[in-house]
Amino acid sequence: MSFGFLIIHSKPLTYCRKAMQQIHEFIKKAKLPENGIIINAPKEIEGLFLSLGYTNQFGGTKNTTAIIFLNDSTLLSQLMELCLKHTVCDSLIWICYPKGTSKVKTDLNRDILWELIQPFGVRPVGMVSVDATWSAMRIRPSDMVKSK
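What follows is the structure, given as structure tokens:
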């Protein structure tokens, strides 16, 4: 049966175009390179990043860019340790978490995330929107952040 539009990943093509446009806007705002690692992302977002040259597996060499997605704080410690172990010092690391206005149940927000990452010796240095559901916080090693 045909409904008059192309289906990709069970979503209408217009949805996929909009999602890809939002990812490209995020990449531009976040100043992301053409490759890196994407960790724990929702399948739709992961697929878009994989199609752009990103990977979802750590390899033998350390990464210079990592994007971590967290629905809540339960995986934060595990994913932060993994990410910091497999990235070079002062990598471009973004932690994506659900916006308060999204329909994703979460215990994270900007202030809580700030507190939870401090034990890892990092601090936030930037914030951008990924899409209508996700916000992103860039982190850097605390000793590399200039105080104002």
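Just so we're aligned, residue 1 is where the sequence shown starts under my numbering, counting upward by one.
Heads up, the beta-carbon is just placed ideally off N, CA and C, and yes, glycines get one too.
Just so it is clear, the structure is predicted and the values come from calculations on it, not from any experiment.
- In this structure, the CA atom of Lys62 is about 19 Å from the CA atom of Phe69.
- Partner residues in the beta bridge of Val122, as assigned by DSSP, are Pro141.
- Contact between Leu79 and Ile39 holds, with the beta-carbon distance rounding to 6 Å and staying under 8 Å.
- Under the three-state reduction of DSSP, Ser91 is assigned to strand.
- Residue pairing of Phe49 in beta bridges, as defined by DSSP: absent, with no partner found.
- The continuous beta strand (DSSP E) containing Ala66 extends over residues 63–69.
- For Val125, same chain residues with a beta-carbon under 8 Å away, outside a window of 5 residues either side, are Arg138, Ile139, Arg140, Val145 in chain order.
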